[in-house]
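Enquirer: Order-wise, the sequence lines are chains S and G. Using the working numbering, read the first sequence as starting at 10 and increasing by one per residue. Using the working numbering, read the second sequence as starting at -16 and increasing by one per residue. Beta carbons: idealized from backbone N, C-alpha and C, even for Gly.
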Amino acid sequence: MADMKSGAYSSWGNYPRVEHSSVHKMYWTDQVKGIVDASPPQSLLAYGLGRSYGDSCLNQGRSLIDCSRLNRILAFDKKTGHLRCEAGTSLDEILKIGVPQGWFLPVTPGTKFVTVGGAIANDVHGKNHHRAGCFGNHVRSIRLLRSDCGPVTCSPQENADMFSATIAGLGLTGIILSAEIQLRPISSSQIESESIPFQSLDAFLQLSNESDQAFEYTVAWIDCFSNENLRGIFFRGNHAESGDLRPHREPGIAVPFVMPEALLNRLTVGLFNSAYYGWNSLRSRKARTHYDSFFYPLDAVRRWNLIYGRKGLLQYQFVLPPGNTSALSMILRTIREAGQGSFLAVLKRFGAIASPGILSFPRPGLTLALDFPVRGERTFRLMETLDRFVADAGGALYPAKDARMSPEMFKLSFPRWKEFQEYIDPKLSSSFIRRVVTE
Amino acid sequence: MTLDKIAIFGATSAVAQELARLLAGEGRSLILVGRSSERLDAMKGDLLARGAPNVVSATADLADCSRHRELVQMVTQAFPDIDSAVIAYGTLLDQEECAHSPELAVQELHTNFLSQASLLTVLADYFAHRRAGQIVAITSVAGDRGRRSNYVYGSAKGGTSLFVQGLRCRLHGTGVGVITVKPGPIDTPMTAHLPKTHLFTTPELVAQSIHSAMKRGSSRVIYVPAYWRLLMAIIRAIPESIYQRLPLP
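1) Residues in the stretch 72 to 85 of chain S with C-beta within 7 Å of chain G's C-beta atoms, listed in sequence order?
2) Whose CA, out of TYR56(S), PRO424(S), PHE234(S), lies closest to the CA of ILE185(S)?
3) Quick check on the burial criterion: 16 or more other C-beta atoms within 10 angstroms. Buried or exposed for TRP21(S)?
4) Considering only DSSP beta bridges, list what ALA378(S) is partnered with.
5) Chain S partners of GLY17(G), CB-CB under 8 Å?
6) Pull up the distance between the alpha-carbon of ILE481(S) and that of ILE106(S), whole angstroms please.
7) Alpha carbon to alpha carbon, how far is TYR36(S) from ARG228(G)? Give it in angstroms, no decimals.
8) Going by beta carbon distance, what residues of the same chain come within less than 6 Å of GLN326(S), once the five residues before and after it are set aside?
9) Can you tell me whether DSSP reads GLU431(S) as helix, strand or coil?
10) Measuring only the C-alpha atoms, how far is TRP288(S) from LEU53(S)?
11) Measure from the alpha carbon of THR343(S) to the alpha carbon of each residue in PHE234(S), LEU83(S), GLU219(S), then state which is nearest.
12) What does ILE106(S) reach in chain G if we use C-beta pairs closer than 7 Å?
13) Where does the unbroken beta strand (DSSP E) through TRP288(S) begin, and where does it stop?
14) Assuming contact is defined by CB atoms lying nearer than 7 Å, are ARG33(G) and ALA7(G) in contact in what I supplied?
15) Can you name the residues of chain C whose CB is closer than 8 Å to the CB of PRO166(G)?
16) Which residues, in chain order, does the stretch 182 to 206 of chain G contribute to contact with chain S at a C-beta distance below 7 Å?
17) Just to confirm my understanding: we take PRO85(G), look at its own chain, exclude 5 residues before and 5 after, and list those with CB closer than 8 Å. What are they?
18) Between SER65(S), GLU28(S), SER61(S), GLN40(S), which lies nearest to LEU437(S) when the distance is taken from Cα to Cα?
19) Excluding sequence positions up to five away, which residues of its chain have a Cβ less than 6 Å from the Cβ of GLY73(G)?
20) Using DSSP with H/G/I as helix, E/B as strand and the rest coil, what is GLU225(S)?
21) For HIS139(S), count the other beta carbons within 10 Å of its own beta carbon; 16 or more makes it buried, fewer makes it exposed. Which is it?
22) If I follow the unbroken beta strand (DSSP E) through TYR56(S), where does it start and stop?
23) When the cut-off is 7 Å and only beta carbons count, does PRO85(G) lie next to chain S?
24) Looking at chain S, which residues of the stretch 51 to 84 of chain G have a Cβ within less than 9 Å of any of its Cβ atoms?
25) With contact counted as at least three CB pairs below 8 Å, one residue from each stretch, are the stretch 205 to 217 of chain G and the stretch 119 to 128 of chain G in contact?
26) In this structure, does DSSP put VAL164(G) in helix, strand or coil?
27) Under 7 Å between the Cβ atoms of ALA41(G) and LEU92(G)?
28) Is there contact here, the stretch 155 to 168 of chain S with the stretch 71 to 89 of chain S, by at least three beta-carbon pairs under 8 Å?
29) If I follow the unbroken alpha helix (DSSP H) through ARG155(S), where does it start and stop?
30) I believe SER217(S) touches LEU239(S) by the beta-carbon criterion, under 8 Å. Please report the beta-carbon distance rounded to the nearest angstrom.
31) Check the Cβ of GLY28(G) against every Cβ in chain S and list those closer than 8 Å, keeping chain order.
32) Cβ closer than 7 Å: which chain S residues qualify as neighbours of GLU21(G)?
33) Which word fits PHE429(S), buried or exposed, when buried means at least 16 other C-beta atoms lie within 10 angstroms of its C-beta?
34) Using DSSP with H/G/I as helix, E/B as strand and the rest coil, what is ILE10(G)?
35) For GLN56(G), count neighbouring C-beta atoms within 10 Å of its own C-beta (all shown protein chains included) and say buried if the count is 16 or more, exposed if not.
36) Name the DSSP beta bridge partners of GLN191(S), please?
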């Protein structure tokens, strides 16, 4: 097991850049206990594929346990769709194994290059939140290694309180060794999809209203440089009822190096947005597409985060309780006026299914995810302004995307944070939790 | 050639695991031999999920030569007509310590050379009797020339390479293929303590090369990545009087 200093462990946003005192690379789950036992209090954090955007997967000046090689499927029942795997197994691998057998992920985020451990720790959501809830709603059990009491199995039935703390628990309630999830049956790897252009927030809400009943997957891309009248493309889809069961292929191209920061500016992003809107409003609305291009368009380009340049990118994802469309309009106007809009602006209406997770982010209302290249102070100031709209509306920010929220904002977003604190493993910590919970 | 049933000795090594995954994905049955039953069990579930119709595991300390006959007998009874046997185990002790400890030096040679020669002898008879099958031995480029940074490990690997080379000649014409695999340094738990240079390759890549050599079937020596063949040819060609003065690690 490796014990080396490494600057190679970063988050997807490449902000902040931190050094770790050591990284322990795990190859077998039985190696984890030795590392945990030998470590001082508040020193460790499990790391998977580093797809959290901010600092929730980082542990500045302390140690990481690299779990990406703990990637074995331990049991897969092809009749029931129960899949038990080690925590470092990626959703990519699960799809490769499950799809040919007629099983799909119950919930999937916008990239398949995340681990099951990470999907649990961040309680990720997807385009079917209104139907299926979060990833945590489909976890049957978790095997956790606690530094104070050894291995613990938790599930909705057994050690249910520890289970609720671990779902969305930011990897802090113990090292997740393995988990069992319930997959979703499919009869085709194709998605019957539709894309519908819209020209106002009301139009988006109406599309959501009429689509959420009939479509399992709904999401919208919006052009945050559009004027007062918001424009965007609404995507909706269902698994096709017949067709072949063909898994995805490996990504072909990669961004070869860190792009210059000047590449993304008001002009280029504006042009991209207009072109993307134009292209999507012209092409046929109904299509049959492979799940890979429907769910994971960005996975086709490896290391796409490098186009944001050396200083990295910040994601900003919030949720506003229902009936706060005016706050959303204000937020969009503020971004437009600041001239810092992004081209990956994703709008979705969350449903009412509650997650078991104490710190779970999704809740009923509208969620918008935006990305901004880091442009120094003004980017942070813009986000602080946005925070005020979110806080006033009683909304919340998403830790998996965050590198800068204040302790106040965290506590407003997650009123049960104190209850959660009781479950933090004494030997675990992260840059994120130290930043937002300063005692 | 048929490649339906494959036995892997040292199945929990990083390269063996990736190789087993490739073979499982093609629907081949596997018998895994290793030291830890817990680790073998974890692998077993993975390989079944990836498409292996049958996975059997056996725990054994492969450095214990006295058990080799019995072990191969057990394996071939559990799984009659094995098509391919892969020798994938090995250790890499600290060269500095081995250089000054006769016990450690002998231990390193025992695991990486003597015990492998013993196991290969038993397997050679099994396959020669069947007049079919394949033996795959993973040795190392370190065995191509003695170097100051790893000559204890290197001499063991070199010994095994020579042994396998001879075995290949012995089995020529019997229908049994013998493949020597010489990988460069690989990023695995075995090399975790070493600084990683650009010469390091991944277990996945080595497994892919072994997998395609196994499918081609014929006897051969493969270097992984392939450029090591040229690199080692050059290194072997340097006269001794010059070589010992070179600042090579």
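Expert: If we stick to the structure as given:
1) ARG81, ILE82, LEU83, ALA84, PHE85
2) For the purposes of this step, residue 185(S) is taken as residue 176 along the first sequence, with counting starting at 1. Nearest option by C-alpha distance: TYR56(S).
3) Here residue 21(S) refers to the residue found at position 12 when the first sequence is read from its first residue. It counts as buried.
4) Along the first sequence, one-based indexing puts residue 378(S) at 369. In DSSP, ALA378(S) forms a bridge with GLN326(S), VAL355(S).
5) Residue numbering aside, residue 17(G) sits at position 34 when the second sequence is read from its first letter. By Cβ distance, chain S contributes nothing, its closest Cβ being about 11 Å from GLY17(G), past 8 Å.
6) Residue 481(S) is absent from the structure shown; chain S starts at 10 and stops at 448.
7) As a working note, residue 228(G) is residue 245 in the second sequence. As a working note, residue 36(S) is residue 27 in the first sequence. Spanning the two alpha carbons is a distance of roughly 39 Å.
8) Counting from one through the first sequence, the residue named residue 326(S) turns up at place 317. Taken in chain order, the residues that qualify are ALA378, TYR407, LYS410.
9) If you number the first sequence from 1, residue 431(S) lands on position 422. If DSSP states are grouped into helix, strand and coil, GLU431(S) belongs with coil.
10) Within the first sequence, numbered from 1, the residue matching residue 288(S) stands at position 279. Within the first sequence, numbered from 1, the residue matching residue 53(S) stands at position 44. Those two C-alpha atoms are separated by around 47 Å.
11) Taking the first residue of the first sequence as position 1, residue 343(S) is located at position 334. Among PHE234(S), LEU83(S), GLU219(S), the Cα nearest to that of THR343(S) belongs to PHE234(S).
12) For this step, residue 106(S) is matched to residue 97 along the first sequence. By Cβ distance, chain G contributes ALA32, ARG33.
13) Taking the first sequence and counting its residues from 1, one reaches residue 288(S) at position 279. Counting along the chain, TRP288(S) falls outside any beta strand (DSSP E), though it belongs to the alpha helix (DSSP H) covering 275 to 291.
14) By 1-based counting over the second sequence, the position of residue 33(G) is 50. By 1-based counting over the second sequence, the position of residue 7(G) is 24. The answer is yes: Cβ separation under 7 Å.
15) The structure shown contains no chain C; the protein chains it does contain are S and G.
16) none
17) Residue numbering aside, residue 85(G) sits at position 102 when the second sequence is read from its first letter. Once the five neighbours on either side are set aside, PRO85(G) has no close Cβ partner at all.
18) Along the first sequence, read from residue 1 onward, the residue named residue 437(S) stands at position 428. Of the listed residues, the one whose Cα sits closest to LEU437(S) is SER65(S).
19) As a first step, residue 73(G) is located in the second sequence; it is residue number 90 there, counting from the start. For GLY73(G), where only same-chain residues beyond five positions count, the Cβ hits under 6 Å are ASN95.
20) In the first sequence, residue 225(S) corresponds to position 216, counting from 1. Coil.
21) Walking along the first sequence from the start, residue 139(S) turns up at place 130. The residue is buried, with at least 16 neighbouring Cβ atoms inside 10 Å.
22) Here the question's residue 56(S) lines up with position 47 in the first sequence. Looking at the DSSP string, the run of the beta strand (DSSP E) that includes TYR56(S) is 53 to 56.
23) By one-based count along the second sequence, residue 85(G) stands at place 102. Not closer than 7 Å to any Cβ of chain S, the Cβ of PRO85(G) fails to qualify, so no.
24) none
25) yes
26) Walking along the second sequence from the start, residue 164(G) turns up at place 181. Strand at VAL164(G).
27) Within the second sequence, numbered from 1, the residue matching residue 41(G) stands at position 58. Within the second sequence, numbered from 1, the residue matching residue 92(G) stands at position 109. For ALA41(G) and LEU92(G), no; Cβs fall outside 7 Å.
28) no
29) Residue mapping note: residue 155(S) aligns to position 146 of the first sequence, counting from 1. No alpha helix (DSSP H) holds ARG155(S); the beta strand (DSSP E) holding it covers 148 to 155.
30) Position 208 of the first sequence, counted from the first residue, corresponds to residue 217(S). Position 230 of the first sequence, counted from the first residue, corresponds to residue 239(S). Between LEU239(S) and SER217(S) the Cβ distance is about 13 Å, and since that is not below 8 Å, they are no contact.
31) What you label residue 28(G) is simply residue 45 of the second sequence in a count that begins at 1. Neighbours of GLY28(G) on chain S, chain order: ARG81, ILE82, LEU83, ALA84, PHE85, ARG93.
32) What you label residue 21(G) is simply residue 38 of the second sequence in a count that begins at 1. Those are ASP39, listed as they occur along chain S.
33) Position 420 of the first sequence holds residue 429(S). PHE429(S) comes out buried.
34) Reading the second sequence from its first residue, position 27 is the one you call residue 10(G). Sequence check: residue 10(G) is Gly here, not Ile. Reduced to three states, the DSSP call for GLY10(G) is coil.
35) In the second sequence, counting from the first residue as 1, residue 56(G) sits at position 73. Per the 10 Å Cβ criterion, exposed.
36) In the first sequence, residue 191(S) corresponds to position 182, counting from 1. Looking at the DSSP assignment, GLN191(S) forms a beta bridge with HIS91(S).
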